[in-house]
Structures are given as C-alpha cells and as structure tokens.
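In the working numbering, the protein residues as written are 7 to 268. Ideal Cβ positions, reconstructed from N, Cα and C, are used throughout, including at glycine.
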Ligand SMILES: [Mn+2]
C-alpha cells in the first residue's frame, strides 16, 4: 500500500507546479529598469509560464538604461514574454525609426518631448545601428492587441482600449491603432459584442478607484481590469484631486486573478 501512496503524492506534486502553466500580465514597467527586472525575476516564472506585457515597458524616470528593453526582446525570442505595443514604444518608434506605425515623425517628436524625449534620444544614440534596428523592428512587429485564455476565461490584452470601442470614439482619433494605444478608458465604457475580459494598462488605476498605494482595478461589470499601478510615480507620490497617490509595479495572474505587487 505504501509504495502506491508515495507515487500518488508524487503525481499530485507534479500537478501543482510543473503541469500547470501560469499566465501573468504586467503593464507599464516604466519605473527604474533595475527594479523592473527584479520584479520580473521575483515572479519566478517556471519553464512553461508566460508573461504578457501590454505596453509601455520603457523606463520613464531615473536610470534610463535600455537593459530591460533588451531583456524583454531576449525573453520574447524564447516565447516566455509576449509584449503588445504601448503608446510610448509607438512614440519612440515613430520619432526615430525610418518608417512609422501610426503617427507622423514631427508629431511623434513633439509628444515624445513632453514625455522625456530628449533623454530617450540620448540613450538611443548609445546604441549601434544594428541594435537600433533590432529595437525598432521589435516594436514594429509587436501586436496592438492579443487574446489569451486562462482559468476558463477569455481575456483581451491591450495597452489603452480594445478596438471594439473605436467606433464610439473615432471622432477623436484618426486611426484604430492610435485609439488602442492612446485612449484612456472610462470607468463605465461598455465594450460591445465581446465575451472577453479586457486587461489594459496606460491609465493609472487611481482614475477608477481610491485604493492607495494603487491597486489593480476590477470593474463592477467584471469586464475590465486596469493594471497600471503607477510604477513611474515619483517616491513622493502624485497629486490627483487633492489626494496624494503612491505607485508600484503590479502583476496579475490570469489563471486565478491573483495580484502581485512589487
Ligand atoms: Mn501609456
């Protein structure tokens, strides 16, 4: 009897860790790149786990080294990380690459200048021509949206807002791509004809709820999950409507909707 019991226990251990592939999502890795890399490492991804990054994974403040950006490109090759485009990657691409994704070069330069563009130009200059092409090719080939199933549910990952909402806002955007990357979703936006739960970054969750430091936002209708918990906020926080909010890096495990903060 004992050998059978031992073998059953061994099987259940394998079930718990090695046979279940977990899917994590973390948007807006815009803080210090060393902290962002540390946060990814602390997720302790197992061999078949995946990490989706719906955009804006370019350090905003402090040490602007491109180490993290190239780490993402490396991990993407192994299919361990899947990144979708953010408005920051699109701005950087359209301001400096030979072609554009959805914004003319002058406009991209102008909006990038309002978002630390001078520093970014300085860091891009430290790259060789082939590294620059590798970076821009990577951005150009990132999908704008992607669908993922986990834990019996279907999710749509996108940086700003899902394409189904575009017809309602097309008067404000000249392309669907620009809408998906730049739009700040409203708390009560209802996404038509969609059975998917939209998981997005871009808009800090303090626009939707009071939780402080910022927490992942789950909409009342269960159809939207906001992930941007302000990893790029300065240590003294950010003032919004007279209240000071503190940021951090958040990740969500899609299989059981468990949140992780670093
Ligand atoms: Mn953004």
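*From what residue to what residue does the alpha helix (DSSP H) around residue 114 run?*
In the DSSP assignment, residue 114 falls within the alpha helix (DSSP H) that extends over 111-119.
*At which residues does the beta strand (DSSP E) containing residue 60 begin and terminate?*
56-60
*Would you check whether ligand 1 has a heavy atom nearer than 8 Å to the C-beta of residue 1?*
With the chain covering 7 to 268 only, the question about residue 1 has no answer from this structure.
*Ends of the beta strand (DSSP E) at residue 266?*
264-267
*Using the rule of at least 16 other Cβ atoms within 10 Å of the residue's Cβ for burial, across every protein chain shown, is residue 147 buried or exposed?*
exposed
*On a CA-only basis, which of 61, 55, 74 is nearest residue 38? Give me that one, please.*
74
*Is it the case that the Cβ atoms of residue 204 and residue 250 are separated by a distance below 9 Å?*
The beta carbons of residue 204 and residue 250 sit no closer together than 9 Å.
*Is any heavy atom of ligand 2 found at a distance shorter than 8 Å from the C-beta of residue 34?*
By its list of ligands, the structure shown excludes ligand 2, since it contains just ligand 1.
*Residue nearest to residue 33 in terms of C-alpha spacing, selected from 261, 262, 187, 144*: 187
_Burial state of residue 253, where buried means 16 or more other Cβ atoms lie within 10 Å_ = buried
_Boundaries of the alpha helix (DSSP H) in which residue 186 is found, first to last residue_ = 182-188
_Give me the residue from 217, 64, 51 with the minimum Cα distance to residue 118._
Residue 64 is the option with its Cα nearest to residue 118.
*Is the Cβ-Cβ distance between residue 170 and residue 200 less than 9 Å?*
yes
*So is residue 210 buried or exposed if we call it buried at 16+ other beta carbons inside 10 Å?*
buried
*If you scan the stretch 170-253 from start to end, which runs of the beta strand (DSSP E) of 3 or more residues do you find wholly inside it?*
203-206, 230-232, 244-246, 249-251
*Put residue 255 into one of helix, strand or coil per three-state DSSP.*
coil
_Residue closest to residue 243, alpha-carbon to alpha-carbon, out of 265, 225, 220_ = 220
*Environment of residue 160 [buried if 16+ CB atoms lie within 10 Å]*: exposed
*Would you mind stating whether residue 98 and residue 126 have Cβ atoms separated by less than 9 Å?*
yes
_Helix, strand or coil for residue 97? Go by DSSP, reduced to three states._
helix
*Nearest-angstrom Cα distance between residue 153 and residue 72?*
28 Å
*Count the other CB atoms, across all protein chains shown, that sit within 10 Å of the CB of residue 167; report buried if there are 16 or more and exposed otherwise.*
buried
*Leaving aside the five residues before and after residue 80 along the sequence, list all residues of the same chain whose C-beta is less than 7 Å from its C-beta, in chain order.*
none
*Taking 8 Å as the line, does the beta carbon of residue 123 fall inside it for any heavy atom of ligand 1?*
no
*Starting from the C-beta of residue 165, find all residues in its chain whose C-beta is less than 6 Å away, skip the five residues before and the five after it, and write them out in chain order.*
60, 61, 92, 187, 207, 208
*asked:* For residue 75, list the residues DSSP reports as bridge partners.
replied: Per DSSP, none; premise fails for residue 75.
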